[in-house]
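The C-terminal position of the sequence shown is numbered 171 in full-length UniProt numbering, with every residue numbered one higher than the one before it. Here a beta-carbon is modelled for each residue, glycine too, at the ideal position from N, C-alpha and C. In this text the structure is predicted, and so the values were computed from the model without any measurement.
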Amino acid sequence: MAQNSDAPTGQTTQSGTQSGERRIPDTRTGGSPARHSDDDSQGKTTIAASVVQKIGGMAAREVSGVYAMGGGVSRAFGALRDRIPGGSGTSSTAGVQVEVGEKQAAVDLDLVVEYGASIVELSRAVRRNVITAVERMTGLDVIEVNIVVNDIHLPSDDEEETPQPTQSRVE
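1. Using 7 Å as the threshold, is the C-beta distance between GLU135 and ALA106 below it?
2. Quick one: complete alpha helix (DSSP H) runs, 4+ long, within the segment 108-148?
3. Tell me which same chain residues have a C-beta within less than 8 Å of the C-beta of residue 181, skipping the five on either side of it?
4. What is the C-beta distance between HIS153 and VAL113, in whole angstroms, given that I count them as a contact (C-beta under 8 Å)?
5. Would DSSP call ALA59 helix, strand or coil?
6. Compute the Euclidean distance between the alpha carbons of ASP157 and ASP151, then round it to the nearest angstrom.
7. With a Cβ-Cβ cutoff of 7 Å, do ALA59 and ASN129 count as a contact?
8. With a Cβ-Cβ cutoff of 7 Å, do LEU111 and VAL66 count as a contact?
9. Put ALA48 into one of helix, strand or coil per three-state DSSP.
Rendered as structure tokens:
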């Protein structure tokens, strides 16, 4: 379903999109790996959607002001996973969904922001970092990075999470 580059600007092409518009990739995260078309007769490079998902998650976490990734439910499961001996720890894909096509990718992020950080500036920095990392590492064109801020982490939240030492009943 490639766009017809011969169509005049503003007209609908065979794929149902208008020329000049960016099209969302066809493959979803859980689907088959994305095929990245190289103009090389020596072979094709295949990049799994989970790879793009991990790169996007790591790039988002690198930005100062991002406290955590994911919604409340995924963070709760992550906390349980941390407490299980031999558990995998925090997942690098929590709060990250991707759609990957042959040449393009779209990334959706769920963030928890530290209190005091400018959400607008943080979103710009996260978006820029994710686009740069994914495009540099995969060669895919990132057409969009959608960010949802689910929560703000307050400093008082840390005080509630740290268990108070209990006094011993015996001397």
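Checking against the coordinates, here is how it stands:
1. Taking the sequence shown and counting its residues from 1, one reaches residue 135 at position 135. Taking the sequence shown and counting its residues from 1, one reaches residue 106 at position 106. The answer is no: Cβ separation not under 7 Å.
2. List check, alpha helix (DSSP H) in window: 119-138.
3. Any question about residue 181 goes unanswered here, given that the chain covers just 1 to 171.
4. Position 153 of the sequence shown, counted from the start, is the residue given in the question as residue 153. Position 113 of the sequence shown, counted from the start, is the residue given in the question as residue 113. Yes, HIS153 and VAL113 are in contact; Cβ-Cβ is about 7 Å, under 8 Å.
5. Numbered from its first residue, the sequence shown carries residue 59 at position 59. In the structure shown, the three-state DSSP call for ALA59 is helix.
6. The sequence position of residue 157 within the sequence shown is 157, counting from 1. The sequence position of residue 151 within the sequence shown is 151, counting from 1. Between ASP157 and ASP151, the alpha-carbon positions lie close to 12 Å from each other.
7. The residue labelled residue 59 in the question sits at position 59 within the sequence shown. The residue labelled residue 129 in the question sits at position 129 within the sequence shown. Judged by their CB atoms, ALA59 and ASN129 are nearer to each other than the 7 Å cut-off.
8. As a first step, residue 111 must be located in the sequence shown, where it is residue number 111. As a first step, residue 66 must be located in the sequence shown, where it is residue number 66. In this structure, VAL66 lies closer than 7 Å to LEU111 by Cβ.
9. On the sequence shown, residue 48 is found 48 positions in, with the first residue counted as 1. The answer is coil: DSSP assigns ALA48 none of H, G, I, E or B.
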